[in-house]
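Single-structure report; data block below.
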Ligand code: 3HC
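In the working numbering, the protein residues as written are 1 to 321.
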């Protein structure tokens with residue numbers, strides 16, 4: 001084989017990329033990648049990061065009202081974990097050339113999305129438990145396969161995130177077990193929260209496969225490993241026995257074990273509702289984005305101070321050398 005000293009042309013680079021994907025090796029930041037792959041990764045990672053950051057709000061709402069010091073400490077730690085997940089993910093997006101300030105700008109101006117689930121209000125303390133159980137449970141179901149996602153920094157970030165999400169789910173389930181062993185009023189609070197969060201949790205997996213514009217290409221690139229409907233089914237199958245153990249009713253009269261399919265059948269998701277929430281018309285979209293924007297604006301002086309300090313430190317270092 002003759003070696004060329006010329007820069008590799010695009011066909012060779014594409015072949016190398018295709019072979020990396022075919023062999024299930026990781027694509028790393030230094031590697032050549034098609035523009036479409038880079039754009040898709042930035043889109044998904046940014047949306048994921050935004051979801052973690054906006055996702056701090058619904059539960060953050062209960063930190064000051066948690067019923068004991070222990071519950072407050074647990075919730076505070078959990079919400080801080082979500083901030084950490086957002087930071088790893090923004091860092092992963094930066095390895096693709098994205099600018100973090102620009103991503104935040106796009107979020108607050110409605111040019112990038114975040115998960116629909118965080119546009120629902122948290123009306124009772126039981127919502128904290130149900131978010132841990134169902135929302136973090138759905139997140140784990142969706143994200144464990146993403147640990148094998150083809151883009152290295154994303155897949156590696158997901159490994160740590162999934163470990164922490166598992167802990168979040170367990171704390172939610174443990175909180176619900178405690179409430180279900182309490183008074184009738186506490187059990188009613190749990191059931192009310194399950195009634196409100198069950199269907200929105202199923203929507204987290206995205207539109208049905210025949211309406212999912214990105215799935216086919218993302219699976220071909222090894223970014224997604226399963227379709228939206230496959231993961232939604234996995235989540236339903238996982239949740240039904242957990243609900244039985246907990247003693248709550250899932251609000252779906254069509255939910256039934258299908259022996260032939262070896263899966264639970266379930267009712268139709270309200271896709272119009274998902275579409276409205278994604279378009280910004282959910283119960284809390286305006287509030288969530290306004291809160292994020294206010295926090296970002298109020299943090300401007302911290303970013304300015306950190307930038308000035310970094311510049312001063314680097315000038316001092318330069319002066320010494
Ligand atoms: N909420 C908001 N937007 C959604 C959505 C949802 N539940 N489901 C789909 N969408 C958007 C998609 O982003 C896409 O919009 P775009 O083309 O403008 O980006 C459009 O609807 C069509 O959907 P597709 O199925 O074609 O999109 P994807 O192939 O990207 O699949 C996804 C959607 C399954 C959410 C996928 O992007 C994914 O797996 N993302 C990574 C995980 C993630 O972001 N999870 C969010 C929750 S994180 C979390 O829950 C935090 C934890 O602390 C609980």
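Positions of the beta carbon are idealized from the N, C-alpha and C atoms, including for glycine. Just so we're clear, the structure is a prediction, and the values are computed from it rather than from any experiment.
Report the rounded CA-to-CA distance for residue 184 versus residue 201, giving the unit in angstroms. 25 Å
Report the option in 82, 222, 279, 238 whose CA atom is closest to the CA atom of residue 37. 222
Am I right that residue 116 and residue 278 are in contact with their C-beta atoms under 8 Å? What's the rounded C-beta distance? Indeed they touch by this definition, with Cβ atoms about 6 Å apart.
Could you check if residue 317 is buried or exposed, using at least 16 other CB atoms within 10 Å of its CB as the buried criterion? exposed
Residues bridged to residue 151 (per DSSP): Looking at the DSSP output, residue 151 shares a beta bridge with 27.
Have a look at residue 155 and residue 147 and give me their C-alpha separation to the nearest angstrom. When rounded, the distance between both Cα atoms is 4 Å.
Residue range of the beta strand (DSSP E) that includes residue 258: 256–258
With distances taken from CA atoms, which of 58, 48, 22 is nearest residue 284? It is 58.
In chain order, what residues of the same chain lie with their CB nearer than 6 Å to the CB of residue 173, ignoring the 5 residues before and after it? 133
Outcome for residue 215 when other beta-carbon atoms lying within 10 angstroms are tallied against a minimum of 16: With 16 or more other Cβ atoms inside 10 Å of its own Cβ, residue 215 counts as buried.
C-beta atoms of residue 47 and residue 218 nearer than 9 Å: no
Is residue 142 near residue 205, with beta carbons less than 9 Å apart? Closer than 9 Å, so yes.
Measure the CB-CB distance between residue 130 and residue 176 and report whether it falls below 9 Å. yes
Excluding the five sequence neighbours on either side, which residues of its own chain have a C-beta within less than 7 Å of the C-beta of residue 94, listed in chain order? 100
So is residue 71 buried or exposed if we call it buried at 16+ other beta carbons inside 10 Å? buried
Just to confirm before moving on: does the CB-CB distance between residue 157 and residue 226 stay below 9 Å? Between residue 157 and residue 226, the gap from beta carbon to beta carbon reaches 9 Å or more.
Opening and closing residue of the alpha helix (DSSP H) in which residue 102 lies: 100–108
Please determine if the stretch 227–238 and the stretch 286–305 are in contact, where contact requires at least 3 C-beta pairs separated by less than 8 Å. no
Could you tell me whether any non-hydrogen atom of the ligand 3HC is closer than 8 Å to the CB of residue 160? Residue 160: no, Cβ never under 8 Å from the ligand 3HC.
Residue 19 to residue 265 span [Cα, whole Å]: 39 Å
In this structure, how does DSSP classify residue 210 when only helix, strand and coil are distinguished? helix
Could you please give me the residues that DSSP links to residue 264 through a beta bridge? 257
Please go through the same chain and pick out, in chain order, the residues whose beta-carbon is closer than 8 Å to the beta-carbon of residue 63, but skip the five residues on each side of it. 72, 75, 76, 79
By how many angstroms is the C-alpha of residue 23 removed from the C-alpha of residue 8? 21 Å
How would you write the range of the alpha helix (DSSP H) that residue 225 sits in, first residue to last? Run containing residue 225: none; DSSP gives neither H nor E here.
Closer than 6 Å by C-beta to residue 138: which residues in its own chain qualify, once you throw out the five before and the five after it? Chain order, please. Same-chain partners within the cutoff: 201, 204, 235.
I need the DSSP call for residue 142, collapsed to helix, strand or coil. helix
Grab the span of the alpha helix (DSSP H) containing residue 182 for me, first residue to last. Segment: none, residue 182 is in no alpha helix (DSSP H) and carries neither H nor E.
For residue 340, which of 306, 304, 286, 305 has the nearest alpha-carbon? Here the chain has residues from 1 to 321 only, and residue 340 is not among them.
Can you name the start and end residues of the alpha helix (DSSP H) that residue 117 belongs to? Segment: none, residue 117 is in no alpha helix (DSSP H) and carries neither H nor E.
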